[in-house]
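Input: a single structure, listed below in structure tokens.
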Amino acid sequence: MPQPVAGCSFDFLSALEIPKRLHPSALGLSSLVRRSVSARRHQAFKRVGRGRSRDPTGSQAASMSAEDRRNLHAFRDYVTKTLDPTCILSYMAPWFKDDEVQHIQAEKNNKGTMEAASLFLKFLLELQEEGWFRGFLDALVHAGYSGLHEAIETWDFQKIESLEEYRILLKRLQPEFKTTVNPKDILPKISECLISQECEEIIQVCSNKGLMAGAEKMVECLLRSDKENWPKTLKLALEMDENKFSQLWIVDKDAKNAESKVLEDDEIETSDIQIFYKEEPECQNLSQNLSPPSASPTCTPLKPRNYQLELALPAKEGENTIICAPTGCGKTFISLLICEHHLKKFPQGQKGKVVFFAIQLPVYEQQKSVFSEYFEKLGYKVAGVSGATSENILMEQIVENNDIIILTPQILVNNLRNGTIPSLSVFTLMIFDECHNTGKHHPYNMIMFNYLDQKLGDSSDPLPQVIGLTASVGIGDAKTTMEAIEYICKLCASLDTSVIATVKDNLEELEEIVYKPQKFFRKVESRTTDRFKCIISQLMRETESLAKNIFDKLGTVTLESVSQIQNRNFGTQKYEQWIVSVQKACMVFQLPDKDEESRICKALYLYTSHLRKYNDALIINEHARMKDALDYLKDFFTDVRAAGFDETEQHLTQRFEEKLKELESVSMDPSNENPKLQDLSFILQEEYHLNPESRTILFVKTRALVDALKKWIEENSELSFLKPGILTGRGKTNHNTGRGRARGSKCFLLTSNADVIEKEKINIYKENMMNDSILRLQTWDKAVFKEKVLQIQIQEKLIRDSQGKVEPVPDKENKKLLCRKCKGFACYTADIRVVEDCHYAVVGDAFKKCYVSKLHPKPKTFGHFEKRAKIFCARQNCSHDWGIHVKYKTFEIPVIKIESFVVEDITTGAQKLYAKWKDFPFEKRSFDATEMSE
């Protein structure tokens, strides 16, 4: 996968790595394109000749063609939703006349792609020439429509149908997508999910009409994608790009939100001053090592440093250990040392099996790469599974056939729940990256609950060794050292560890590598008056009112997040979080009238997207120049005009433009200069005067603020000696340059808010308390520490078990199940039977009339079940996936999944959605063989 580019801004083509499948004309190579198209047509003609000679008898070809024609007509809706006919016209030249080709091209230009696809199918179905159907299939393959080709070849459109829920979600989120996603940034990472011509068109739209129009084009292309992995590929691309939209694009229903984490030990290309941003809580802890996130390099020196050996020693001796060491010290390399020692210690005939957990997808990808490169050279097998790659993967085989498995933790949680992995005893070593997350309902804790149940239960099976990696164990809400010790002991109990490894004997060496900078706090004055903020705040209040009015008109229907719209502080990350909460609420908002529902959600996404831009502008205004905040908004509204620009957007744009003259006036007023920038300029000049070889990293809150500060430095004559660059946490640096952890580094906190300085001082105090608490715990007798951990584990298990026994009172009232897609009636809850505690079958003949079945593409036998067919809603133009048809012992029964249905109260008509059966508290009746026989 192409990697994102970090560093100084370049023009798009020099900064963007073009993947192999991008069309050559994306690089402006028109002559190459003409030769390429000509060559393809020549190949198409050759294929046609071969295709026409395949069938020895004309009657055979005719009958086959008639059947294909009927099927193609029956499934035409799928084809028209997926196919852009202009992408395959060059391959279909032998069958289509020139005027037909021109007609299809004109239809796309004038009416749209679906209309052009309908016209294409009309012409295709009228063909009588032998070989037309094979020629069509060949054209799909060569144009890149692999999914559509497979569906037509087998006449099974289930994979394409399964993408419908994601198409619906993307349509709903489209207003937010176009304002938050830069299509240039993610195109290289998702190009495999698109046709090469579509990639070219996206680039052209970006160049001609702007990024927002390019994002709209990208949505249009994704909605047509026939690649079954495009939703997860898009998710991974957004995660890798650290894009806010990834919070809304949820493709793994079991995924848990986790904090963004830093990686370690990388190399990033540097300039004199770098401006770095990462989304963090409102008041980040600056007492942590100030360096941009980095990734463990494959070029890490193989000879470990003494402090790394010190940190690894307890784990090498077989102790369950939390390794607590600062960012940048090489904890990933330490884990490699531990793994290697662990795997080599087993005698001949026995084998170790290691699982390494990473929370974030980018971290997972990076660790998988590092472990693979290191261990495959030593003859060990390494594999990885994440939410983005888990479909169609047999976890039993992955675990069985590999020595080291890299996982996102929810994958193991799921497989432990469904019994695919019977117990943690299949592993001999578990390593938890960022182990301080092991608490509450985090997947790490779910895994360790399983571990502790096995430890404290009757099982005699061996348990794996546990290693935790973290830069800070934390102290929670502790106010005293004793409370901090108790908090750390609970973390140790959760991970079943009684050793906390820190560097003590080799501190000097560690400080040579990771230097804690001196910290300075500077409170600066704010602007005495801020007319810009007043105007923008008024526009935000008006936009909020428009959003709220939507629900006032609906009467009883409302969204809690919208009703709490007041008392939000404009220009803060807290306000940004409220925007995200509203948008997430929109994702599940439902009305009986689907057109009205779509209109309302689109309007809300538009309003909140504009509110986000205003909020970003206020943050720029607070920390940079007023003119840069205004330029940011002007660029945004220019993009809005170039894109869809519907009635709502026209109104919002008009309101901004009515205030534009006044905004330009105040932004050019010299009296509105930002005092923070004056102070920052003074610090930079002073530090570079003392040491011209200095390097600086500015940590800021948003990407928009990064661009504004870079522009300010470039235009400031007093700072002309600086060459600013941009970091987003994914670049490479040289360890010889000045970084935030280099010896002699300084850290300045500039703020106009005294509370921020006070909170930072509290954070430093807490860090010192944590270090003191760890030192005290390290003096405890080993047996005492282990007993303390055990008592906490026993107490926590008692609480957990007692909570687990409290079950919701089942609702005995009969309910209707309606198809979630078409809302057609399916069955009553009274017809549902629970098979072997976890499968839900529908009994009775009435249900048989409501569904149709198709042979399962991957039949499988598991336990008493034989998976035979897929079942779908029988209503015309629906065919929503309802579940499977199985043979259970001697019975043929349909097994349904609750996420495919809407539950309706028969009395009130109220409807509810459930993601899992366990969340649906209806009266469950067990499957009874006697009842079935009768």
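980 is the number of the first residue of the sequence shown in this note's numbering; add one for each residue after it. No residue lacks a Cβ here, since even glycine has one placed at the ideal position from N, Cα and C. The structure displayed is predicted, hence computed values, not measured ones.
- Here the C-alpha atom of Ser1577 lies approximately 29 Å from the C-alpha atom of Lys1168.
- Among the bridge pairs identified by DSSP, Gln1890 is matched with Glu1883.
- Runs of the alpha helix (DSSP H) lying entirely within the segment 1093-1135 and spanning at least 4 residues, in chain order: 1111-1122 and 1125-1133.
- Straight across, the Cα-Cα distance linking Leu1166 with Cys1857 is about 32 Å.
- The beta-carbon separation of Leu1525 and Tyr1586, rounded to 6 Å, stays under the 8 Å limit for a contact.
- Taking Arg1755 as the centre and dropping the five residues before and after it, the same chain places the C-beta of Thr1460 and Ile1464 closer than 8 Å to its C-beta, in chain order.
- Here the C-alpha atom of Leu1583 lies approximately 8 Å from the C-alpha atom of Cys1565.
- Of Asp1860, Asp1164, Thr1808 and Leu1834, the smallest CA-CA separation from Ser1905 is found for Thr1808.
- Shown here, Leu1227 sits in coil according to DSSP, grouped into three states, outside any helix or strand.
- Met1409 carries a strand assignment under DSSP once its states are collapsed to helix, strand and coil.
- Within the segment 1616-1700, the complete alpha helix (DSSP H) runs of at least 4 residues fall at 1626-1646, 1654-1669 and 1682-1694.
- The count of Cβ pairs closer than 8 Å, one atom from the segment 1146-1164 and one from the segment 1588-1599, reaches three, so the stretches are in contact.
- Exclusion of the five residues before and after Leu1797 leaves Gly1803, Phe1804, Ala1805, Phe1880, Val1881 and Glu1883 as the residues of its chain whose Cβ lies within less than 7 Å of its Cβ.
- Lys1592 and Val1333 have their alpha carbons spaced roughly 46 Å apart.
- Nearest neighbour of Asp1751 by Cα position, chosen from Asp1734, Ile1467, Asn1485 and Val1679, turns out to be Ile1467.
- Cβ-Cβ separation between Val1822 and Glu1845: approximately 18 Å, too far for a contact (criterion under 8 Å).
- C-alpha of Leu1684 to C-alpha of Ile1446: approximately 39 Å in a straight line.
- Judged by their CB atoms, Leu1217 and Trp1228 are nearer to each other than the 8 Å cut-off.
- DSSP, read as helix, strand or coil, puts Tyr1494 in coil.
- For Val1559, same chain residues with a beta-carbon under 8 Å away, outside a window of 5 residues either side, are Lys1223, Gln1226 and Leu1227 in chain order.
- Between the alpha carbons of Lys1495 and Gly1453 lies a gap of roughly 18 Å.
- With three or more CB-CB distances shorter than 8 Å, the segment 1377-1389 counts as touching the segment 1352-1366.
- Take the alpha-carbon of Gln1552 and the one of Gln1329: they are about 53 Å apart.
- The bridge partners DSSP lists for Thr1449 are Cys1303.
- Going by DSSP, Glu1871 is part of the beta strand (DSSP E) stretching over Phe1870 to Ile1875.
- Contact between the segment 1500-1511 and the segment 1721-1735 is present: 3 or more CB-CB pairs across the two stretches fall below 8 Å.
- Across the structure, Val1567 and Ala1894 are spaced so that their CA atoms are roughly 12 Å apart.
- Assigned with DSSP and collapsed to three states, Phe1901 falls in strand.
- DSSP places Gln1444 in the strand class (E or B) of the three-state scheme.
- In this chain, the beta strand (DSSP E) harbouring Lys1839 covers Tyr1830 to Phe1841.
- The beta carbon of Gly1862 sits closer than 6 Å to those of Ile1850, Val1874, Ile1875 and Lys1876, all from its chain and outside the five residues before and after it, given in chain order.
- Scanning its chain for C-beta atoms nearer than 8 Å, with the 5 sequence neighbours on each side dropped, one finds around Glu1643 the residues Leu1609, in chain order.
- By the Cβ test, the segment 1400-1419 is in contact with the segment 1314-1327, since at least three Cβ pairs between them sit closer than 8 Å.
- Leaving aside the five residues that flank Ser1351 on each side, the residues in its chain whose CB is nearer than 6 Å to its CB run, in chain order, Val1361.
- Per the Cβ contact rule, the segment 1186-1194 is in contact with the segment 1622-1629 (3 or more Cβ pairs under 8 Å).
- DSSP, reduced to helix, strand and coil, places Gly1862 within a strand of the structure shown.
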